[in-house]
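Comments concern the structure below.
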Amino acid sequence: MFDVNEIRKDFPMIVNRPDLIYFDNGATTYKPQSVIDAIVGFYTGYTSNVERGDYETAAKADKAYDGTRKIIAKLIHAEPEEIAFNANITASLNQIAYGLSRMILKEGDVVLTTEAEHASNLLPWFRLQKDIGIKVEYIPVDRQGVCHIEDVKKAMHDKVKVVAMAHVTNVLGSVQPIKEIAAIAHENGAFMVVDGAQSVGHRIIDVKDMNIDFLGFSSHKMCGPDGVGVLYGKYKLLQQMEPVFMGGGMNARFYPDGNIILKDAPIKFEAGTPNIEGVIGLGAAAEYLMHLGMENIMAYEKDLRAYFAEKMLHLDNIDFYNPDNETGPITFNAKGVFAQDAAGFLGSRNICVRSGNHCAKILHDIIGTDQTIRASLYFYNTKEEVDRFVEAAKEISIENAIGIFF
Ligand SMILES: Cc1ncc(COP(=O)(O)O)c(C=O)c1O
């Protein structure tokens, strides 16, 4: 049974700050006590480095750290050896872009993406555009940020070697038809790279069913600690791929002449001492989510968003940009009020939202505005919170927004 009031008790931030309405989950999420306990448990019970020690606590740390690969593999339907840990999805996407540039990309090749992407899924490709002369091209998206299959087919051609896009976009919450797009990419001999920052932890993810080649995501957006990310890749591709970072832990041998023999994937992507407590905390987060059930989380969020969207459509002072999307944030502006001023007004009512361009700077040419307010939900938010939010949103006006500063 999915009982949100019971679930809320698992989150110390909700228990300690019941006055806050936290609708900034797209930026980062709250952490359940089990995640905090897992991190504290490591520091108070078995602190040691991993993959290096021959004593009891080191063996326990190895087991917990490597055990997280199995947990994450279960969450996304992959194999444990296809899971590498790093700092965040930004690190994963940089690794994928660098790795593909050393593996296959050459001057004139095309990376196909969309204008709705986060900077983390554009800037690494832009760098390759400058450095090796690849070209970044865009599949058009509609005003809700959704990419349509006919447009993917039209945009595809024989120079396209990579298709890289978010599963769920971070500004409009558009869910892209990744499985169908991956099939088109593969028919044309291109790799499919997916940014899962806003989808893993919210939806059922099956990398095998979607048949994608690479996926990245961040722990902190799915109840886990900061500073931990996941790189998923099909094993044979990870084996072929060169890591960005070289150093301890990831090499099998090296010689005075500079010859280096790397360990197998995924270890070769984890140079240096990793974020051990973070990875252990991520494992606890993934177990917590699977215990709730990803299908339950999806259903609850969909229902809550529909309730929220319906209420926002009735507000005369609000421009609401993504009413048709079933998932992701409620993205809006208060008419005539600068987004940051409106967010400041909501903040003065203890409502946490994000304003600005949300690192998706090109998308705003499509929706016709540069700055928006994003109210992003998670499974621990409630309809009562939505009601309180809507009452506050009704009051956003230039006078009220400026009034908070005087
Ligand atoms: C779609 C998307 N991709 C990538 C990122 C970058 O995530 P991180 O800062 O954890 O690397 C974000 C963060 O908001 C995002 O929403």
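Reading the sequence shown from the start, the letters are residues 938 to 1343 in our numbering.
For glycine and all other residues, C-beta sits at the position ideal for the given N, C-alpha and C.
Treat the numbers as computed from the prediction; the structure is a model and nothing was measured.
Asked	Found
Separation of Ala1221 from Tyr1315, as counted between CA atoms	18 Å
Ile1255 (DSSP reduced to helix, strand or coil)	strand
CB contact flag (Met1159, Thr966, <8 Å)	yes
Candidates Cys1084, Glu1044, Thr1050: closest to Gly1070 by CA position	Glu1044
Chain-order list of residues whose beta-carbon lies under 6 Å from that of Thr1027 (same chain, five-residue window excluded)	Ser1057
Three-state secondary structure assigned by DSSP to Asp1201	coil
Ile1204 versus Tyr1002: straight-line alpha-carbon distance, rounded	12 Å
Residues of its chain near Tyr1169, where Cβ-Cβ distance is below 7 Å and the 5 sequence neighbours each way are ignored	Ile1013, Ala1015, Glu1019, Ile1020, Val1144, Phe1151, Leu1152
Classification of Phe979 by the beta-carbon crowding that lies within 10 angstroms, buried from 16 upward	buried
Three-state secondary structure assigned by DSSP to Tyr992	coil
Heavy atom of ligand 1 within 7 Å of Thr1268 beta-carbon	no
CA nearest to the CA of Lys1248, picked from Leu1065, Glu1328, Gly1166	Glu1328
CB of Ala1127 within 8 Å of CB of Val1100, strictly	yes
Status (buried if at least 16 other CB within 10 Å, exposed otherwise) for Phe1191	exposed
Spatial neighbours of Leu1198 in its chain, beta-carbon cut-off 8 Å, leaving aside the 5 residues before and after	Contrary to the premise, residue 1198 reads as Ile rather than Leu in this sequence. For Ile1198, where only same-chain residues beyond five positions count, the Cβ hits under 8 Å are Asn1188, Ala1189, Arg1190, Phe1191.
Endpoints, the beta strand (DSSP E) within which Tyr1075 is located	1072-1076
Through-space distance from Ala1092 to Asp1392, alpha-carbon basis	Past the boundaries of the shown model lies residue 1392; the chain is included only from 938 to 1343, so the question cannot be answered.
Contiguous alpha helix (DSSP H) assignments of at least 4 residues, all confined to the region 989-1072	993-1013, 1026-1040, 1060-1069
Reference Ala1134, options His1157, Ile1149, Gly1186, Leu1283, closest by Cα	His1157
C-alpha distance - Asp1278 paired with Asn1254, whole-angstrom precision	14 Å
Best match in Gly1265, Leu1250, Asn1287 for proximity to Ala899 [C-alpha to C-alpha]	As displayed, the chain neither begins before 938 nor continues past 1343, which places residue 899 out of reach and without an answer.
DSSP state of Ser985 mapped onto helix, strand, coil	coil
Residues sharing a beta bridge with Ile976, DSSP	According to DSSP, which records beta bridges pairwise, Ile976 is partnered with nothing at all.
Inside the region 1116-1173 only - alpha helix (DSSP H) runs reaching at least 4 residues	1144-1147
Cβ pair Ala1338, Ile1310 closer than 8 Å	no
C-alpha gap between Gly993 and Thr1210, whole angstroms	Reading off the sequence shown, one finds Glu at residue 993, where the question assumed Gly. C-alpha separation (whole angstroms): 19 Å.
Close beta carbons around Gln1308, own chain, < 8 Å, minus the five adjacent residues each side	Asn1270, Phe1275, Ala1276, Gln1277, Ser1292, Gly1293, Asn1294, His1301
Beta-carbon separation (whole angstroms), Leu1059 vs Val1097, contact threshold 8 Å	The pair is not a contact, with the Cβ atoms about 16 Å apart (cut-off 8 Å).
Neighbourhood of Phe1257 by C-beta distance below 8 Å, restricted to the same chain and skipping five residues each side	Ala1246, Met1249, Leu1250, Ile1267, Thr1268, Phe1269
Close-in-space but distant-in-sequence residues of the same chain around Pro1193 (CB under 7 Å, 5 per side omitted)	none
Touch test, the region 1030-1038 against the region 1172-1186, Cβ-Cβ under 8 Å, three pairs minimum	yes
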